[in-house]
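Take the numbering used here: the final residue in the sequence shown is number 474, and no numbers are missing along the way. Report on the following structure.
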Amino acid sequence: MAEQLGLVIPQLLTSEAQLADLEHALAETDRVALDTEFHPERRRTPLLHLVSLATPAGTWLVDPHVPGLLERLRAPLSTKTWVVHGGRYDLVLMEPRVGRPAHVVDTQILAGLCTSLYPARLEQLLEGDPFARGSGQTMSDWSQRPLTRLQRAYAADDVLRLLDLAADLEERVHALGRSHLATEAMQAFAEDAYGPQRTDPLGFRGRRQLSPREAAILDEILWWRDLEAEAQDSTPTSILGDGHVLDLAKRAPSTLEAVSANRRFPNRIAQQYGRAFVDIVHRVHRRPEALLPRTAPRGSAREARLVWWRAQSLVAGLAHQWAAELALPDAVLERVVDGEALDGWRATLLGPWVQTERMREPARE
Numbered sequence: 110m111a112e113q114l115g116l117v118i119p120q121l122l123t124s125e126a127q128l129a130d131l132e133h134a135l136a137e138t139d140r141v142a143l144d145t146e147f148h149p150e151r152r153r154t155p156l157l158h159l160v161s162l163a164t165p166a167g168t169w170l171v172d173p174h175v176p177g178l179l180e181r182l183r184a185p186l187s188t189k190t191w192v193v194h195g196g197r198y199d200l201v202l203m204e205p206r207v208g209r210p211a212h213v214v215d216t217q218i219l220a221g222l223c224t225s226l227y228p229a230r231l232e233q234l235l236e237g238d239p240f241a242r243g244s245g246q247t248m249s250d251w252s253q254r255p256l257t258r259l260q261r262a263y264a265a266d267d268v269l270r271l272l273d274l275a276a277d278l279e280e281r282v283h284a285l286g287r288s289h290l291a292t293e294a295m296q297a298f299a300e301d302a303y304g305p306q307r308t309d310p311l312g313f314r315g316r317r318q319l320s321p322r323e324a325a326i327l328d329e330i331l332w333w334r335d336l337e338a339e340a341q342d343s344t345p346t347s348i349l350g351d352g353h354v355l356d357l358a359k360r361a362p363s364t365l366e367a368v369s370a371n372r373r374f375p376n377r378i379a380q381q382y383g384r385a386f387v388d389i390v391h392r393v394h395r396r397p398e399a400l401l402p403r404t405a406p407r408g409s410a411r412e413a414r415l416v417w418w419r420a421q422s423l424v425a426g427l428a429h430q431w432a433a434e435l436a437l438p439d440a441v442l443e444r445v446v447d448g449e450a451l452d453g454w455r456a457t458l459l460g461p462w463v464q465t466e467r468m469r470e471p472a473r474e
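Here you go:
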């Protein structure tokens, strides 16, 4: 089937002797497209099962299961610009094996700076390409060996057109005068990817409708959950589900018995972590009102302003060719609503628009 579609089907490289062509190709270029296939397996850091690489000379699949094979590419890869698509996990998974790249170009970010799409799927950006892949192998078992021909074709197809796509998007970004902004945004993206993995409380579903003290409890539980997940090499939601986080924030249990008062709350979690939850509640209850976070309960003036600013950002993004979800994620949107100044590349991109909109925004509380 893959052959009938005209797809490239590289062999899986499993020995150092097979790396010669790839190493030569890397020596001849300053850019390499990169993609990884992995399984989360309820782990904080997913298990890496395949690395796909492409240069103008060809496409290669490297087996990270082979001890020392991927590490052989540390020197050539660390001097290159990596072209990725939504590449947070690509960077995180590759760092312990081959280090960090010289630069990162992310086609999702580029698209967000010249279109209203973010985070765009790869097939969205390749729309009109007759060979653009579908998502048929996304949930494939990448740990299996041997990989099927269709799996190898899919993995190769992920990186095959990334270099051309990046060049096209960079041209569009340049035409809009935003090349320097793209460089800043992608540098910030890489720094964030390599930093501690923390849940953004401002993007947590249901937080805005909480009272300030409930929101403070939720924020502290999320921080605790991230640290616990890191210590156990597990995912945050494996430690404590989002629904249980919200439940604890609303109930604010001040005793171990109160933690278990909700019959739907798992006894195992209450017994294992109950003391931590109670300590968080007591700590937040001692916090002065002035130090509590701002929220936006339903029907409040602040909620209306948040909704208004989000709507305006979507309209402006369409008109000015930038993606509101990239330029104004929830945390940044709340800063704008609260009258704070933007910084970095967002200040340059959005500053004049924000100043204009401030003249039209709804009255403050």
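Just so you know, even glycine gets a beta-carbon here, dropped at the ideal spot from N, CA and C.
CA-CA distance, G312 to E150, rounds to 24 Å. Nearest Cα to I348 within the set A338, L357, D356 and L121: A338. With respect to A297, E323 sits apart: the two C-beta atoms are not nearer than 9 Å. DSSP lists L157 as the bridge partner or partners of F147. The beta carbons of A142 and V193 sit closer together than 9 Å. Shown here, A142 sits in a strand according to DSSP, grouped into three states. Excluding the 5 residues flanking it on each side, P185 has same chain C-beta neighbours closer than 7 Å at E132, L135 and A136, in chain order. The residue from W332, R281 and S249 with its alpha-carbon nearest to that of L219 is R281. The three-state reading of DSSP puts H212 in strand, counting E and B together. Residue nearest to T224 within the set P461, G460 and L423 is L423 (criterion: CA-CA distance). Cβ-Cβ distances below 7 Å link D139 to K189 and T190 in the same chain, with the five nearest sequence neighbours on each side left out; the list follows chain order. G167: member of the beta strand (DSSP E) spanning G167 to V171, first to last residue. For the stretch 327-398, the full-length alpha helix (DSSP H) segments reaching 4 residues or more read 345-348, 351-360, 365-368 and 376-394 along the chain.
Here DSSP, grouped into helix, strand and coil, assigns L437 to coil.
The alpha-carbon of N371 is positioned some 13 Å away from that of R377.
When rounded, the separation of the alpha-carbon atoms in R209 and A129 is 22 Å.
In the structure shown, T164 falls within a strand segment according to DSSP collapsed to helix, strand and coil. Secondary structure note for W191: its beta strand (DSSP E) is the uninterrupted segment T190 to V193. Sequence-distant partners of D342 (beyond 5 residues in either direction) whose C-beta falls short of 7 Å from its own C-beta, in its chain, are R152, R153 and T154.
Between the C-alpha atoms of D335 and R395 there is a straight-line separation of about 23 Å. G453 is classed as exposed because its beta carbon has fewer than 16 other beta carbons within 10 Å across all chains shown. Comparing alpha carbon positions, the residue from A264, Q464 and L458 closest to E449 is Q464. The beta carbon of L278 is closer than 8 Å to those of T216, L219, A220, C223 and L234 in its chain, skipping five residues each way along the sequence. With contacts defined as CB atoms closer than 9 Å, P471 and A410 qualify as a contacting pair. Collapsing the DSSP output to three states places L423 in a helix. Under DSSP, L122 shares a beta bridge with V171.
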